[in-house]
Amino acid sequence: VWDPALGQIKTRGKVVLDSSQVAAWGAPTFDAWIVRTDFAERNPEAVRDFVKVTGAAYADFLAKPDQWSVSSPQAAKIARITGAKLEDVPQLLRGYVFPTLEEQASDKFLGGGTVKAVEATSAFLKEQGKIDAVLPDYSK
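Here the numbering used here = 1-based position in the sequence shown + 3.
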């Protein structure tokens, strides 16, 4: 469970363990932007531009996290798009890890770590009956 729902739950309960602890046990949680191969082949400029804009936003947040405050246009956009309360956005952002583009291209992420995590998640979801099959290769 993540914020903003987590914030509401914590008013009457407590966190037993968080995603950083689960990740340390080998089961990371993360958000991923995924594009179909056929779309990327037809729209390479759109994919490249998306990566640039996202990378720039991550870099800006990493360089100046305090400027992403309740009064910032960035926080207002995030609240509008996600439905989170504006006053919760700065705290929500502090709970995320925003890897740089260089880190994303490393072995930890696109170089293999993400593929392994998606493979493990897929196997778990199949075991739980949530999906019918796992793909033979998640690296493509």
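For every residue, glycine included, the Cβ atom is placed at its ideal position computed from N, Cα and C.
For clarity, every value in this text was computed on a predicted model and none was experimentally measured.
**Request:** List in chain order: all unbroken alpha helix (DSSP H) runs of 4+ residues lying wholly within the region 46-122.
**Result:** 47-66, 76-85, 92-97 and 104-107
**Asked** In the structure shown, what three-state DSSP assignment does threonine 40 receive?
**Response** helix
**Message:** By the DSSP assignment, the alpha helix (DSSP H) with glutamine 24 in it spans what residues?
**Reply:** 22-27
**Contacting residues, own chain, Cβ-Cβ under 8 Å from aspartate 110 (five flanking each side not counted)** = Gly116
**Request:** Have a look at glutamine 70 and phenylalanine 64 and give me their C-alpha separation to the nearest angstrom.
**Result:** 8 Å
**Request:** Take leucine 104 as the anchor and find which of Gly29, Trp36, Pro31 and Phe42 has the nearest alpha-carbon.
**Result:** Trp36
**Request:** To the nearest angstrom, report how far apart valine 92 and valine 73 are at their CA atoms.
**Result:** 7 Å
**Asked** If you draw a straight line from the C-alpha of alanine 43 to the C-alpha of lysine 88, how long is it?
**Response** 34 Å
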